[in-house]
């Protein structure tokens with residue numbers, strides 16, 4: 003089975019198209035305080051020009067139901083990433099609003115003293131859970147990797163039918179090893195394929211996607 007690939011932190015049509023042309027499954031847009039933050043107006047101009055098969059996922063931090071729903075509808079998004087400790091009813095309400103046609107992803111910050119929340123892991127309203135590094139004061143996009151061996155033993159190896167997405171410090175150089183250890187359903191990258199925050203490196207994006215496809219094939 004092929005690994006699902008998301009290239010996150012896109013700020014331009016050029017970079018989102020690059021993700022599609024390289025063979026990624028999804029492009030992510032960050033609607034939260036970040037060096038990669040985008041405005042609704044920016045994404046409204048980008049998404050209609052992207053291939054239909056490319057998932058367009060909005061990343062939200064500490065956002066309300068109304069804010070998320072309005073952004074999804076205005077931008078034509080096909081996915082929602084709740085990159086914060088969202089109350090369980092938020093995913094339920096979003097699922098009721100958008101149905102099965104919109105992918106909903108939760109987040110689990112792994113590492114340090116952070117505990118693994120059974121609610122996040124087992125939430126039936128989520129299509130997948132993204133496992134990111136636990137870095138104090140940062141929601142994501144840090145480029146810091148967690149202990150893959152520890153995560154494999156506590157989260158990934160007990161996945162069963164649940165879909166876990168590996169994120170946090172992934173690069174074209176270490177991706178094959180991360181996939182070998184974690185065996186994730188999907189992978190997510192932002193800083194690991196950038197020239198600078200919000201600006202992608204075409205060679206690294208292509209190399210990341212190629213490594214993901216090759217690693218899962220093996």
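Numbering (this note's numbering), first residue to last: 3 to 220.
C-beta: ideal position from N, C-alpha, C; glycine also.
Just so it is clear, the structure is predicted and the values come from calculations on it, not from any experiment.
So, with DSSP's three-state summary, where would you put residue 37?
Here residue 37 refers to the residue found at position 35 when the chain shown is read from its first residue. Coil, per DSSP.
CA-CA distance, residue 203 and residue 33?
Taking the chain shown and counting its residues from 1, one reaches residue 203 at position 201. Taking the chain shown and counting its residues from 1, one reaches residue 33 at position 31. Their Cα atoms are separated by approximately 21 Å.
Near residue 99, which residues of its chain fall below 7 Å by C-beta distance, leaving aside the five closest residues on each side in sequence?
Looking up residue 99 in the chain shown gives position 97. Cβ within range, chain order: 71.
Under DSSP, the beta strand (DSSP E) around residue 8 begins and ends at which residues?
Within the chain shown, the letter at position 6 stands for residue 8. First-last of the beta strand (DSSP E) with residue 8: 6 to 9.
Mind reading off the beta-carbon distance from residue 52 to residue 28? Whole number of angstroms is fine, and I expect it under 8 Å.
Taking the first residue of the chain shown as position 1, residue 52 is located at position 50. Taking the first residue of the chain shown as position 1, residue 28 is located at position 26. Contact flag wrong, Cβ pair sits at about 10 Å.
In three-state terms, what does DSSP make of residue 86?
Within the chain shown, residue 86 is the residue found at index 84, counting from 1. Three-state DSSP puts residue 86 in coil, outside helix and strand.
Confirm, please, whether the CB-CB distance from residue 108 to residue 125 is below 8 Å.
Against the chain shown, residue 125 aligns to sequence position 123. Against the chain shown, residue 108 aligns to sequence position 106. In this structure, residue 108 lies closer than 8 Å to residue 125 by Cβ.
Hey, quick one: how far does the alpha helix (DSSP H) through residue 172 stretch, first residue to last?
Indexing the chain shown from 1 puts residue 172 at position 170. Element bounds for residue 172: n/a, residue is neither H nor E.
Answer yes or no: do residue 63 and residue 188 have a C-beta to C-beta separation smaller than 8 Å?
As a first step, residue 63 is located in the chain shown; it is residue number 61 there, counting from the start. As a first step, residue 188 is located in the chain shown; it is residue number 186 there, counting from the start. Not closer than 8 Å, so no.
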